[in-house]
Amino acid sequence: MNKEIEHKFISEFEQHQNIIHKVCRIYTTNQEAHNDLFQEITIQLWKAYPKFRGDSKLSTWMYRIGLNTAITLYRKSKRSVQTQDFESVLHKIEATNYDNTEEEQLKLMYKAIHQLSDIEKALIFLYLEDKNYKEIAETLGISEVNARVKMNRIKTRLKTILNP
Amino acid sequence: MDELDLLKKDWKKRSADYPQVSYNEIYKMIHKKSSSIVKWIFIISIAELLFWTLIDFLAPESVYKIYEKFNLNSLLYISLTVNYVITILFIYLFYKNYKSICIADDTSLLMKKIIKTRKTVNYYVFYNIALYIIILIVFNIVMFSKPDILIEFMNPNNKPIDNDKLLLITLILQIVFGVLMLGVIWLYYRIIYGILLRRLTKNYKELENMEF
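Quick note, the sequences are listed as chains A and B, same order. If you're matching positions, the first sequence starts at 1014 in this note's numbering and goes up one per residue. If you're matching positions, the second sequence starts at 369 in this note's numbering and goes up one per residue.
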């Protein structure tokens, strides 16, 4: 593939890379797995880039391929078990910004999210990213009604975890 | 504040904190090899298609000699020709399905296409196993219906052996070999499926169930 396309892709990707970091954050729990998944999604985006026509926004396209890679193509690396918990690292860094109860609540929330199924994670991720139900339904290939029903169930579940 | 709002606020706040990957690092990444399951399914499928196609060529000469003795040659050639036509059809279908896989599809459709591609190869393998069993049964019926020729073939130097025993041992060996081979194939598929597709199939079912 020619250098011009490569340069265009890398520049655009560099600007939007946080989307992929966020997908990795939902689907992995340590830095090594995060990097692994990030790398695989980057490869998939690059492979699909020549077919990207620009009829949807680049970010929408990245959400879709990012989630698809995490849910369908990626196999969890066995190495990831031994490394330090990514969640706890992040919490240590930012702990000072929160009062204790809020921090505890968030910790519980993120823990609960990591226990959700891959599909549920995709739903909650798209919710956190402020996507509307139409976009969520289109990304996952389900109906809008079902996306709404499922989302409400997940929200209720998360709330019950915090207020048993 | 609602817990979910709190979560959303925190999520957004952290979004700005990810260590950024540089232009050069991205450049390096896109030149690395993918480890996606679609790639592995493709490699394994091609290997299987080749394996089952080559197995016909690898059959030893002596196999054909025994068929000659029983006048089974024409039947063998017909089945081989039909087999080639069907093999080409399967390879075409596999290629068509594989090409249709598009990572930018919606998740449900993408998974459906991956599973369909994999199923094509599975059907090819089942077809080969079925063919193998049918040929084994038909040929054995023909062979054992003419025990004289079979004994002559199994005992060319006419050594003093109990002929009934010889036939029995031949039959048992054929059955044991057949069952053993099926066992190995079954195990192989359990392992391949276990490794590659368990997670994908689980997720696909979850999405499917959501639609009812």
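Ideal Cβ positions, reconstructed from N, Cα and C, are used throughout, including at glycine.
Listed by chain order, chain D residues near A/Ser1130 by CB distance under 7 Å = Looking at the structure shown, chain D is missing, and the protein chains on hand are A and B.
key: A/Ala1108 versus B/Ile459: straight-line alpha-carbon distance, rounded   = Residue confidence is low: A/Ala1108 scores 46 on pLDDT, short of 50, so the model does not pin down where it sits. Its coordinate-derived value is still stated next. Taking the straight line from one Cα to the other gives about 57 Å.
ask   = How would you label B/Tyr491, buried or exposed, when you count the other beta carbons within 10 angstroms and need 16 or more for buried?
value = By the 10 Å Cβ count, B/Tyr491 comes out exposed.
query = Taking C-beta to C-beta, are B/Leu478 and A/Thr1055 nearer than 7 Å?
reply = In this structure, A/Thr1055 does not lie closer than 7 Å to B/Leu478 by Cβ.
key: Near-chain B residues of the segment 1053-1087 of chain A (beta-carbon distance less than 8 Å), N- to C-terminal order   = Result list: Glu1053, Thr1055, Ile1056, Gln1057, Trp1059, Lys1060, Ala1061, Lys1064, Phe1065, Trp1074, Arg1077, Ile1078, Leu1080, Asn1081, Thr1082, Ile1084, Thr1085, Leu1086 and Tyr1087.
Nearest neighbour of A/Lys1134, chosen from A/Arg1166, A/Ser1156, A/Glu1157 and A/Gln1118 [CA to CA] = Per the Cα distances, A/Arg1166.
query = Which of the three DSSP states, helix, strand or coil, is assigned to B/Gly562?
reply = helix
request  = Throw me the rounded Cβ distance for the B/Thr485 and B/Tyr466 pair, which I believe falls under 8 Å.
outcome  = 5 Å
message = Judging by CA-CA distance, which residue of A/Ile1126, A/Val1158 and A/Lys1064 is the nearest neighbour of B/Ser468?
response = A/Lys1064
ask   = Counting contacts by CB-CB distance shorter than 7 Å, is A/Met1122 in contact with chain B?
value = Contacts with chain B at 7 Å (Cβ-Cβ) include A/Met1122.
ask   = Going along chain B, which residues have a C-beta under 9 Å from A/Asn1031?
value = Ser383, Ala384, Tyr386 and Gln388
key: Beta-carbon proximity check, B/Lys437 vs B/Ile517, cutoff 7 Å   = Yes.
ask   = Between the beta-carbon of A/Lys1021 and the beta-carbon of B/Met578, is there less than 7 Å?
value = no
message = Using a Cβ-Cβ cutoff of less than 8 Å, which residues in the same chain neighbour A/Lys1091 once the five nearest sequence positions on both sides are dropped?
response = In this prediction, A/Lys1091 has a pLDDT of 47, which is less than 50 and means its spatial position is unreliable; what the coordinates show is noted afterwards. Hits under 8 Å: none found.
request  = Tell me whether A/Val1158 is buried or exposed, calling it buried when 16 or more other Cβ atoms sit within 10 Å of its Cβ.
outcome  = So A/Val1158 ends up on the exposed side.
query = I think B/Leu440 touches B/Phe512, with their Cβ atoms under 8 Å apart; what is that distance to the nearest whole Å?
reply = So it is not a contact: roughly 13 Å between Cβ atoms.
ask   = Where does A/Ile1043 sit, in a helix, a strand or coil, going by DSSP?
value = Checking the sequence, you will find Asn at residue 1043 of chain A rather than Ile. Strand.
Alpha-carbon to alpha-carbon, B/Leu504 and B/Ser402 = 42 Å
request  = Would you kindly work out how many angstroms separate the C-alpha atoms of B/Leu555 and B/Ile483, rounded to a whole number?
outcome  = 20 Å
request  = Would you identify the three-state DSSP class for B/Tyr460, choosing helix, strand or coil?
outcome  = helix
Neighbourhood of A/Ile1032 by C-beta distance below 7 Å, restricted to the same chain and skipping five residues each side = Ser1072, Met1075, Tyr1076 and Gly1079
task = Kindly indicate which residue of A/His1029, A/Leu1136 and A/Val1036 has the alpha-carbon position closest to the one of B/Glu574.
result = The closest CA to that of B/Glu574, considering only A/His1029, A/Leu1136 and A/Val1036, is found on A/Leu1136.
query = Considering B/Lys487, what are the terminal residues of the alpha helix (DSSP H) in which it resides?
reply = Thr475 to Ser513
request  = To the nearest angstrom, report how far apart A/Leu1139 and A/Cys1037 are at their CA atoms.
outcome  = 13 Å
ask   = Going along the chain, which residues of the segment 468-491 of chain B sit with their C-beta nearer than 9 Å to a C-beta in chain A?
value = Cys470, Ile471, Ala472, Asp473, Asp474, Thr475, Ser476, Leu477, Leu478, Met479, Lys480 and Ile482
ask   = From the beta carbon of B/Lys514, is the nearest beta carbon of chain A less than 7 Å away?
value = It does not; no Cβ of chain A falls within 7 Å.
request  = Give the straight-line distance between the Cα atoms of B/Gly551 and A/Lys1172, rounded to the nearest whole angstrom.
outcome  = 49 Å
key: For B/Tyr386, the three-state DSSP class (helix, strand or coil)   = coil
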